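Participant: Sharing a structure, written as structure tokens. Questions coming.
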Amino acid sequence: MTFTIDELDMPESLDAPGGHEFIEYATVRNAIESHTLGTDLLAMGAEEMLAEYRNNPHRVRQHFVVREADAVIGRALVTTRPHAPETGAYLMVDVLPEHRRRGIGQTLLDRAERVARRAAAPVLKVSVPHAVVPGGDRVEPPTGFGELPAGDDGVRFLQAHGYALEQVSRISLLDTPGLPERVAPLRDAAGAVAGDGYRLTTWTGVTPDEWTADLAVLRTRMSTDAPMAGMVITEDLWDVDRVREHDQRIVASGRSIVTAAVEDVASGALVGFSVIVVSAGDPVAVQDDTLVLRDHRGWRLGMLLKSATAELLVTSAPEVEAIVTYNAEENRPMLDVNEAMGFRPIGYEGGWQKHV
């Protein structure tokens, strides 16, 4: 049977023309990730996915679908940043397991790579989930931290097409029942180390106006201060308008935002933050960025921030049953925080890249 590949236009909404096709696209994405990880806990709602997959002033995304017998059986995504082309393009190619080893993935990847090259991307990057499989041959990144099973479909596919594994990130899950009682001692101990030189502040929803400029600085520093191993990364500049656009886009898609930040009392500036995003009706919240500026590390601020966001999440969204987070395996300080809070590994994400 012959398959076809077509570009998918993003609908204005799920009820608009093209909405049904996008729901098919979203269903395939979720089915593939659930098969890989052995759980559907990380499935994204179609409304949330639409909000994230549409273009915005800071990124351009092109989507492709593979059809066979009028059914969507695979998809590809190419993301470029027009204001920072030197950072390269992010690609994603997914094919349902029962349709693999027929050349569909290779055809999709060829299409995605051509699109990225036309955008003058100097490097092609992929972040893809991989299953937890004990034993057998392993593949390690140059960092020496973390490993992936050599027989994993994604590992085999990317290596066969010239991509190099640069980084392994741990996907971890934290159950929320009884969480405030578990993290309160951790928060209190961290607060005692931080002392009077730092002040914790929290909020839900969009960033208050008084903190948008500081959040812009912190989000910019996420692109330079977070461990990225050998991945090609350039500074990703944020300003007040971008912070507001980001927050409004999340809220408009039916999600809510839980934030904790730490203020340096001496300067009055925020020097660390942690964010959790909650999708309406989803039992699993997503731990988004967490960062403490380098000059303010060593004061247990990471623990203070993550325990505070977890407590605020339970208060503001008691229906949430778990939190998922992603952390580079070489980021031992943050993994120490997570493990102390009770996060457990459920999978891994590989950071792969190929220079054009």
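Numbering (the working numbering), first residue to last: 7 to 362.
Don't be surprised by glycine CBs; every beta carbon is placed ideally from N, CA and C.
These numbers come from a predicted model, not from an experiment.
Between the C-alpha atoms of GLY111 and PRO23, what's the straight-line distance to the nearest angstrom?
Facilitator: If you take the alpha carbons of GLY111 and PRO23, they lie about 28 Å apart.
Participant: Excluding the 5 residues flanking VAL362 on each side, which residues of the same chain have their C-beta closer than 7 Å to its C-beta?
Facilitator: Excluding sequence neighbours, VAL362 sits near ARG123, ALA127, PRO128, VAL129 and LEU130.
Participant: What's the gap between the Cα of LEU318 and the Cα of PRO191?
Facilitator: Going from the Cα of LEU318 to the Cα of PRO191 covers about 15 Å.
Participant: Is ARG176 buried or exposed, if buried means 16 or more other CB atoms sit within 10 Å of its CB?
Facilitator: Its Cβ being crowded by 16 or more others within 10 Å, ARG176 is buried.
Participant: Identify whether ALA75 lies in helix, strand or coil by the three-state DSSP scheme.
Facilitator: Note: ALA75 maps to coil in three-state DSSP.
Participant: For the beta strand (DSSP E) that contains SER322, what are its first and last residues?
Facilitator: Per DSSP, SER322 belongs to no beta strand (DSSP E); it is in the alpha helix (DSSP H), 307–322.
Participant: Determine the extent of the alpha helix (DSSP H) in which GLU345 is found, giving its start and end residues.
Facilitator: Run containing GLU345: 338–347, per the alpha helix (DSSP H) assignment.
Participant: When you compare the segment 221–236 with the segment 319–326, are there three or more beta-carbon pairs, one atom per stretch, that lie closer than 8 Å?
Facilitator: Counting Cβ pairs under 8 Å, fewer than three are found: no touch.
Participant: When you compare only the Cα positions, how much space is there between SER322 and HIS167?
Facilitator: When rounded, the distance between both Cα atoms is 46 Å.
Participant: Is HIS41 helix, strand or coil by DSSP?
Facilitator: Of the three classes helix, strand and coil, the one that applies to HIS41 here is helix, per DSSP.
Participant: On the three-state DSSP scale, how would you describe SER280?
Facilitator: Note: SER280 maps to strand in three-state DSSP.
Participant: What is the DSSP secondary structure of ILE263, reduced to helix, strand or coil?
Facilitator: It is a strand residue.
Participant: Can you give me the C-alpha to C-alpha distance between SER133 and VAL298, rounded to a whole angstrom?
Facilitator: Their Cα atoms are separated by approximately 24 Å.
Participant: Going by DSSP, name the residue or residues bridged to GLU355.
Facilitator: In DSSP, GLU355 forms a bridge with PRO135 and SER175.
Participant: Where does LEU155 fall in DSSP's three states?
Facilitator: According to the sequence shown, residue 155 is Pro rather than Leu. Here PRO155 sits in strand by DSSP.
Participant: How would you label SER313, buried or exposed, when you count the other beta carbons within 10 angstroms and need 16 or more for buried?
Facilitator: By the 10 Å Cβ count, SER313 comes out buried.
Participant: Can you tell me whether THR230 is buried or exposed, with buried defined as 16 or more other CB within 10 angstroms of its CB?
Facilitator: Exposed: under 16 other Cβ atoms inside 10 Å.
Participant: Tell whether a beta-carbon distance below 8 Å holds between VAL34 and ASP76.
Facilitator: No, Cβ-Cβ distance for VAL34 and ASP76 is not below 8 Å.
Participant: How big is the Cα-Cα spacing for ARG60 and PRO140?
Facilitator: Computed Cα separation, rounded: 37 Å.
Participant: With DSSP run on the structure shown, which of helix, strand or coil describes LEU164?
Facilitator: DSSP places LEU164 in helix when its eight states are reduced to three.
Participant: Can the beta-carbon of ASN36 be found closer than 8 Å to that of ASP21?
Facilitator: No. Outside cutoff.
Participant: Does the Cβ-Cβ distance between ILE125 and ALA95 come in under 8 Å?
Facilitator: Contrary to the premise, residue 125 reads as Ala rather than Ile in this sequence. Yes; because the gap between Cβ atoms is below 8 Å, this pair is in contact.
Participant: On a CA-only basis, which of ARG144, VAL264, ASP245 and PRO351 is nearest LEU311? Give me that one, please.
Facilitator: Minimum Cα distance to LEU311 is reached at VAL264.
Participant: Roughly how many angstroms separate the alpha carbons of ARG350 and MET98, rounded to a whole number?
Facilitator: Approximately 26 Å between the Cα atoms of the pair.
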